[in-house]
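Everything below concerns the one structure shown next.
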Amino acid sequence: MDASLKDRLKEILIRDKLISPYDLEKALEEQSKTGGELSKVLVKLKMIDEDVLTQVLSEGLGMPPISISRLKIDPSVLKIIPKDLAEKYKIMPISVMGDTLTLAMADPLNIFAIDNVKAFTGYTINPIISRLKEIEKTINKYYSEQEPEDNTLSKFADIMKDIQDVGEFELVKENEEGSRRGAVEQISEEAPIIKLTDTIIQQAIMAKASDVFIEPLENTVRVRYRVDGVIREIDRMPKVLHAPIISRIKVISVLDISEHRLPQDGRFKSVTAGGKEVDFRVSVLPTAFGEKIVLRVLDKDASVVNIDKLGFEAESLIRLKECSVKPHGMILTCGPTGSGKTTTLYSILKYVDSPEKNIVTVEDPVEYQMKGINQVNVKPARGLTFSASLRSILRQDPDIIMIGEIRDSETLDIAVKSALTGHLVLSSLHTTTAAGSIIRMMNMGIEPFLICSSVLAIIAQRLLRRICLHCKEEYVVNDVFTQKIGLTRFVSSKKDIKVFRGKGCKKCFNSGYAGRVGITEIIIFSLKIKELILGRAGEFKIKEAARKEGMKTMREDGFAKVLEGVTTLEEVLRVTAMDEAKEG
Numbered sequence: 001m002d003a004s005l006k007d008r009l010k011e012i013l014i015r016d017k018l019i020s021p022y023d024l025e026k027a028l029e030e031q032s033k034t035g036g037e038l039s040k041v042l043v044k045l046k047m048i049d050e051d052v053l054t055q056v057l058s059e060g061l062g063m064p065p066i067s068i069s070r071l072k073i074d075p076s077v078l079k080i081i082p083k084d085l086a087e088k089y090k091i092m093p094i095s096v097m098g099d100t101l102t103l104a105m106a107d108p109l110n111i112f113a114i115d116n117v118k119a120f121t122g123y124t125i126n127p128i129i130s131r132l133k134e135i136e137k138t139i140n141k142y143y144s145e146q147e148p149e150d151n152t153l154s155k156f157a158d159i160m161k162d163i164q165d166v167g168e169f170e171l172v173k174e175n176e177e178g179s180r181r182g183a184v185e186q187i188s189e190e191a192p193i194i195k196l197t198d199t200i201i202q203q204a205i206m207a208k209a210s211d212v213f214i215e216p217l218e219n220t221v222r223v224r225y226r227v228d229g230v231i232r233e234i235d236r237m238p239k240v241l242h243a244p245i246i247s248r249i250k251v252i253s254v255l256d257i258s259e260h261r262l263p264q265d266g267r268f269k270s271v272t273a274g275g276k277e278v279d280f281r282v283s284v285l286p287t288a289f290g291e292k293i294v295l296r297v298l299d300k301d302a303s304v305v306n307i308d309k310l311g312f313e314a315e316s317l318i319r320l321k322e323c324s325v326k327p328h329g330m331i332l333t334c335g336p337t338g339s340g341k342t343t344t345l346y347s348i349l350k351y352v353d354s355p356e357k358n359i360v361t362v363e364d365p366v367e368y369q370m371k372g373i374n375q376v377n378v379k380p381a382r383g384l385t386f387s388a389s390l391r392s393i394l395r396q397d398p399d400i401i402m403i404g405e406i407r408d409s410e411t412l413d414i415a416v417k418s419a420l421t422g423h424l425v426l427s428s429l430h431t432t433t434a435a436g437s438i439i440r441m442m443n444m445g446i447e448p449f450l451i452c453s454s455v456l457a458i459i460a461q462r463l464l465r466r467i468c469l470h471c472k473e474e475y476v477v478n479d480v481f482t483q484k485i486g487l488t489r490f491v492s493s494k495k496d497i498k499v500f501r502g503k504g505c506k507k508c509f510n511s512g513y514a515g516r517v518g519i520t521e522i523i524i525f526s527l528k529i530k531e532l533i534l535g536r537a538g539e540f541k542i543k544e545a546a547r548k549e550g551m552k553t554m555r556e557d558g559f560a561k562v563l564e565g566v567t568t569l570e571e572v573l574r575v576t577a578m579d580e581a582k583e584g
């Protein structure tokens, strides 16, 4: 928002006693934290009614509000702005005169929206004020009469056709570095590139991808999505588009567009057609054929799920909940990258969270914002490491501390001591099994008696793909095969074992899978387990003792989900290792 207009808006709000100075300061403070327009923050905090705000904006801009519901809009004008863009920015195209597009907006001070629409359409924008409810009503009225949009990944083909018609992309082939860079920056702001980049992002959200890879090859650019833990190639594009796409993503991530030799990290938000905000974490890495970008999709709605819905086996879940409500101690999750450790930690936090508790997290980086929880983003380059953050946090009198990841002996030492001095500590380790985490802690210099005194439980976990419900089918497994993998001991009947798989359909991109479910093994620190740790027993003996006390291994948990029809045998065998035979 322009500074003078922002001051004018504040002046009118205070003058007409529409808001108190205290509330205004509160709104400005919230705006500085979250960003965005002041007007939106005021409505979000319910400090002012939308209709009243429209009148205030109207007075501040000297622009009367217009009732667009009474206007008849030419259908040809609707083709200029697609429905998803109209819904995203809450705008309605009204008319075109020459190279000027008249646009009804609830917030004509949203310069970002005006600039993006201008770049997308090529028109000069003439904004007019209208009430938000009228704009939404008009969008639904007019766009519902249009052809439904094709939301499949074939959108890339249409956009590529548009791009091939734009001759200025040849400018990227300039020999001089200076003119080439200028051309790239100019092209990154052109409508086709904005449309292409937005499509890559929006389709990733629709496909429920966790990561987007935009990779330069020798003669092409490859776009791949990681969906349900498996990477799929989506499209290949001409190499000439690489620089403009990278440049466009750098612009929206507020990164240095002129830096091509060093890695960069950033973030941006994208709003879906349904109005949902999705965060993207951006990593730019120089490679032999140019800069590679990886976008991590951080869907807030999908992040903090209920602990009861993570797929924990019933008895293990009860024991884990009992550990979670204890006043002090440490709960660890372990597994490789992408095994759902962070989701489990957030779910435990959600389960134990209450207004009476002071909860602080230390993460690198903070992936999901949780209301009412203090989250610290570590920055090692500035000296704000996990260990340095933890020392400061302990002076903040926390009840519960979550450490995103224990990477070194110093962080582990502080975490153990925190658990011993009256704090509940949640964290993760990069180990493969629950019993292996105990040996890893010993190897990192923690004495066995400290492990026994501080640790409550260790969760090892993996993620398996769920069978697509739309193409699920039953089949019989070969008896010899089931005996070989150890599945027969999980069924009482000696008859053929029936399991499930997905045939593959449009809903699941012909993969047979849709979504993921966790499998776990949880070691609860009983007296027997503690005795073995104090005696420095090996990983196998600790695991064997835990199994005798009722622990299900990850493979056993996986087989249970196969028999329930949740996942396939192939998934369990792909992700888990065979268990050693039980003694006795």
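Position 97 of the sequence shown, counted from 1, bears residue number 97 in our numbering, the numbering being contiguous throughout. Every residue gets a Cβ at the ideal spot worked out from N, C-alpha and C, and that includes glycine.
Is it buried or exposed, residue i, if we count other Cβ atoms within 10 angstroms and call 16 or more buried?
i	result
I14	exposed
Y346	buried
G550	exposed
V325	exposed
K133	exposed
M237	buried
N219	exposed
V575	buried
L469	exposed
T337	exposed
Q369	exposed
K276	exposed
Q461	buried
G178	The predicted model places G178 with a pLDDT of 46, which falls under 50 and marks its position as unreliable; any figure quoted below should be read in that light. Classification of G178: exposed, given that the 10 Å Cβ count is below 16.
F481	exposed
Using C-beta distances below 6 Å, list every residue in its chain close to residue i, excluding the 5 sequence neighbours before and after it, in chain order.
i	result
H242	P216, V221 and G290
A577	none
D579	T553 and R555
K543	A435
V352	S324
V476	D496 and K498
For residue i, which three-state DSSP category applies?
i	result
G502	strand
E531	helix
M97	strand
P238	strand
N443	helix
S20	coil
V566	coil
T587	Residue 587 lies beyond the range of the chain shown here (1 to 584); nothing can be said about it.
F280	strand
F213	strand
A106	coil
E363	strand
L429	strand
K269	strand
N126	strand
R555	helix
Suppose the cutoff is 8 Å on Cβ atoms and the five residues either side in sequence are ignored; what does the same chain contact list for residue i look like?
i	result
C471	G502, K503, G504, C505, K507, C508 and G512
I451	V416, I438, M441, M442 and I533
L420	H328, L450, S453 and S454
V254	G266 and F268
C323	G329, I331, L456, A457 and I524
V366	Q375, V376 and N377
T121	I80, I81, L101 and A191
Considering only their Cβ atoms, is the gap separating residue j from residue i smaller than 8 Å?
i	j	result
V491	T567	no
L295	V240	no
P286	R261	yes
I331	L426	yes
C334	I458	yes
D399	L424	yes
L463	V572	no
A560	E313	yes
A104	I128	yes
D99	Y123	yes
Closer than 7 Å by C-beta to residue i: which residues in its own chain qualify, once you throw out the five before and the five after it? Chain order, please.
i	result
S409	M444 and G445
R526	Just to set this straight, residue 526 is Ser in the shown sequence, not Arg. E549.
L412	I406, M441, M444 and I446
R466	Y513, A514, G515, R516, V517, V566 and T567
For the ligand FMN, any of its heavy atoms closer than 7 Å to the Cβ of residue i?
i	result
K484	The model on display carries no ligand, and the ligand FMN is accordingly not part of it.
Contiguous alpha helix (DSSP H) assignments of at least 4 residues, all confined to the segment 452-522 = 479-485
Tell me the start and end of each unbroken alpha helix (DSSP H) in the segment 283-323 that is at least 4 residues and wholly inside, in chain order.
-> 300-303
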